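Participant:
Residue numbers (our numbering), protein chains in the order written: chain A, 1 to 98; chain B, 99 to 562.
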């Protein structure tokens, strides 16, 4: 990819990120931080590519560490966010009933 | 090679990027939030599955599956088991893992350069930048985790600390530049990573626990940035977009949190709450703390017209939210109007208390923000403070020398009576003396939050 094209992608993605997060109620700040923490778990894809194309033993070891860490980011991020948001769901339903 | 793979893989990444953004957007509203994380989860699954047939992936499948299995299981097990109160440090831990992964990717890319592989300048710069940021986010997040977990009680400071930090940070940048200009060699690469890791530790160690949420949020944004940069190195638009979106969103979130505490980001990072420790207790404290027992407190609340409950980290630690809700229901039955007041940074993170109260079943419409509730205190009979400290300290309004001066607080001292449930007589998380405890209309109810809530419930019930 050409450098300029990448710069445009970065710029547009940055504006998207700012736009998405603004005007969010304070009660969702922690779940949102957790959710965005999950989303940068996409680093797992890169870690898999790195390990899948590793040749030397050192590359394999570091690649293995990368995949292990990234998988932790993905699964941990999801579980924690899901648990937090699960509560919002149930409390919303309770409120509907009352 | 599977036919059409040149279309399937980028197509799946594109779809994942769209779903990530849409999912994050959905997480911004309580109604759609759960759908949002589900959508992002599906996107992640698609992106990961398609990577197994990525054209660049041609070996080490066994290792890959083993690493994914170990990492996932460890995270799944810890994530499911952890108490709601400990969520902030878990976010820090998982975030650190992501930063570490980004740094590891940079390491392998640079190792390949040592092995004879060629990278153009822009790619090397991106790899090095992502490596620095990822490594700092990794070690910094682990320190943040250790601090919130209570493994590092002391806030470690020494004279000239800023200077030492600057040297390590500068050395990391300098070595990064040497890698970019002269190409990496094994020794330089090792030193480069080591100094970046040490820099992350040194930056985080002096920051007090009360500021940790802001710092975790910052590292979250940094990891996003590192992931975006490594996405460029690997020519992976899904990583670039998801990484930078999180980087930008995380930066915004960090600023929102810092603003809620009336502090700037640089103030959090470079000043810390340290001044208070060095200068001794800030402000003159007059009067004494007056204790009350649970039965008297229960009577006061049972015959009140309006009660405002202010939960804080102490409620979370004592797991008292369910008991508090039980108490609330009892009081409501007696015709008492009960409201919950939540400070933007109550607990360890913005929204932390809301999550806990939601867990206990407290409906949204009983929970009020700082701006909405402060006018209510003068007409309130009893303000019940449970394990909150700095966020109700009137020193923030009155004492210009206090480190928290200027921070918006809940004006519980303006209520007719104020009852504070607190474990002991010590100062709070930030180590600042709380003037509220010495006010004439304040009574202290010493004890564990859950036990005291139980005692209040028994007290109210005995009146029936």
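Where is the CB? At the ideal position from N, CA and C, for every residue including glycine. None of these values were measured; they are calculated from a predicted model.
What are the boundary residues of the alpha helix (DSSP H) that includes residue 240 (chain B)?
Facilitator: If you look at residue 240 (chain B), you'll find it in the alpha helix (DSSP H) that goes 219–246.
Participant: At least one CB of chain A closer than 8 Å to the CB of residue 237 (chain B): is that the case?
Facilitator: For residue 237 (chain B), no Cβ of chain A is located within less than 8 Å of the residue's own Cβ.
Participant: Quick one: list the residues of chain A neighbouring residue 423 (chain B), beta-carbon separation under 7 Å, in chain order.
Facilitator: Here the premise fails: no neighbours, minimum Cβ distance about 11 Å.
Participant: Give the DSSP-derived three-state secondary structure of residue 408 (chain B) in the structure shown.
Facilitator: strand
Participant: Out of curiosity, what's the CA-to-CA distance linking residue 15 (chain A) and residue 332 (chain B)?
Facilitator: 23 Å
Participant: Can you list, in chain order, the residues of its chain with a C-beta nearer than 6 Å to that of residue 406 (chain B)? Leave out the 5 residues immediately preceding and following it.
Facilitator: 437, 439, 478, 481
Participant: Within 8 Å (strictly less), CB to CB, does residue 242 (chain B) reach chain A?
Facilitator: By this cut-off, residue 242 (chain B) is not an interface position.
Participant: Going along the segment 309–340 of chain B in order, which residues come within less than 7 Å of chain A, judged by CB to CB distance?
Facilitator: Residues passing the 7 Å Cβ filter: 315, 318, 321, 322, 325, 326, 328, 329, 330, 332, 333, 334, 335, 336, 337, 338, 339, 340.
Participant: Check the DSSP bridge columns for residue 566 (chain B) and list the partner residues they point to.
Facilitator: Here chain B comprises residues numbered 99 to 562, so residue 566 (chain B) is not present and cannot be evaluated.
Participant: What span of residues does the alpha helix (DSSP H) with residue 498 (chain B) cover, start to end?
Facilitator: From DSSP, residue 498 (chain B) is part of no alpha helix (DSSP H); its letter is neither H nor E.
Participant: Any Cβ of chain B within less than 8 Å of the Cβ of residue 78 (chain A)?
Facilitator: yes
Participant: Contact check, residue 334 (chain B) vs residue 36 (chain A) under 8 Å by CB: the rounded distance?
Facilitator: That pair is no contact at about 18 Å.
Participant: Within this structure, are the beta carbons of residue 422 (chain B) and residue 409 (chain B) separated by less than 8 Å?
Facilitator: yes
Participant: Please check if any C-beta of chain B sits within less than 8 Å of the C-beta of residue 94 (chain A).
Facilitator: Caution is warranted here: a pLDDT of 43 is assigned to residue 94 (chain A), below 50, making its placement in the model unreliable, and no coordinate value can be reported.
Participant: For residue 541 (chain B), which residues does DSSP report across the bridge?
Facilitator: B:517
Participant: Quick check: what's the CA-CA separation for residue 313 (chain B) versus residue 559 (chain B)?
Facilitator: 44 Å
Participant: Considering only the alpha carbon of each residue, which of B:451, B:449, B:435, B:444 lies closest to residue 475 (chain B)?
Facilitator: Out of B:451, B:449, B:435, B:444, B:435 has the C-alpha closest to the C-alpha of residue 475 (chain B).
Participant: Hey, how far is the Cα of residue 517 (chain B) from the Cα of residue 543 (chain B)?
Facilitator: 7 Å
Participant: With distances taken Cα to Cα, identify the nearest neighbour of residue 522 (chain B) among B:105, B:532, B:237.
Facilitator: B:532
Participant: Classify residue 305 (chain B) as helix, strand or coil using the three-state DSSP reduction.
Facilitator: Coil at residue 305 (chain B), not helix or strand.
Participant: Within the same chain, show all residues whose beta-carbon is closer than 6 Å to that of residue 428 (chain B), passing over the 5 residues directly before and after it, in chain order.
Facilitator: So the qualifying residues of the chain are 558.
Participant: List the whole-angstrom C-beta distance separating residue 77 (chain A) from residue 192 (chain B), where the pair is believed to meet the contact cut-off of C-beta under 8 Å.
Facilitator: 5 Å
Participant: With three or more C-beta pairs closer than 8 Å as the rule, is the segment 335–353 of chain B touching the segment 50–62 of chain A?
Facilitator: no
Participant: Which residues in the same chain as residue 352 (chain B) place their Cβ atom closer than 7 Å to its Cβ, once the five residues preceding and following it in sequence are excluded?
Facilitator: Taking residue 352 (chain B) as the centre and dropping the five residues before and after it, the same chain places the C-beta of 312, 315, 316, 319, 363 closer than 7 Å to its C-beta, in chain order.
Participant: May I ask you to verify whether the segment 219–236 of chain B touches the segment 286–296 of chain B, counting CB pairs closer than 8 Å and requiring at least 3?
Facilitator: yes
Participant: Tell me the DSSP secondary structure of residue 465 (chain B) in three-state form.
Facilitator: Of the three classes helix, strand and coil, the one that applies to residue 465 (chain B) here is strand, per DSSP.
Participant: First and last residue of the beta strand (DSSP E) that includes residue 27 (chain A)?
Facilitator: From DSSP, residue 27 (chain A) is part of no beta strand (DSSP E); its letter is neither H nor E.
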